[in-house]
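*Asks:* Submitted below is the structure of interest, expressed as structure tokens.
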Amino acid sequence: MGVSKDFKTITGISFYEQNETPGLGARIVENDFRGQFEGLALGSVENPIGIRPVTETLGQSEVHAITGATQTCIRLEVLIDEDLSAWLTTMGKREDGQ
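Take any residue in the sequence shown, count from 1 to its spot, add 437: that is its number in my numbering.
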């Protein structure tokens, strides 16, 4: 995952390895899913991003999930939020939650 210099925006995301079900969770590597992260504003330090069902209206820090890959999307959101939150805290950025 790339993050802008000001620590406010995701510049992109890529996956170098995945073992998800073809046609379902494996779609995380497709441009349609990954492209949603480009330019995505980061939310609070505790919850930098959200992955929501396609039926929901998105907030500025959220992307749509992959239909049929609920568990993949839930776990991906947790991984991204935990790691990005820890990184932002380590970097001493966004301590105010902005």
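Ideal Cβ placement from N, Cα and C applies to all residues, glycine included.
Please state whether the Cβ-Cβ distance between residue 483 and residue 522 is less than 8 Å.
*Replies:* yes
*Asks:* Under 8 Å between the Cβ atoms of residue 510 and residue 517?
*Replies:* no
*Asks:* If you draw a straight line from the C-alpha of residue 529 to the C-alpha of residue 493, how long is it?
*Replies:* 33 Å
*Asks:* In whole angstroms, give me the CA-to-CA distance for residue 470 and residue 464.
*Replies:* 7 Å
*Asks:* Can you name, in chain order, every residue of its own chain whose Cβ lies under 7 Å from the Cβ of residue 455, other than the five neighbours on each side?
*Replies:* 463, 465, 466
*Asks:* If I follow the unbroken alpha helix (DSSP H) through residue 527, where does it start and stop?
*Replies:* 507–527
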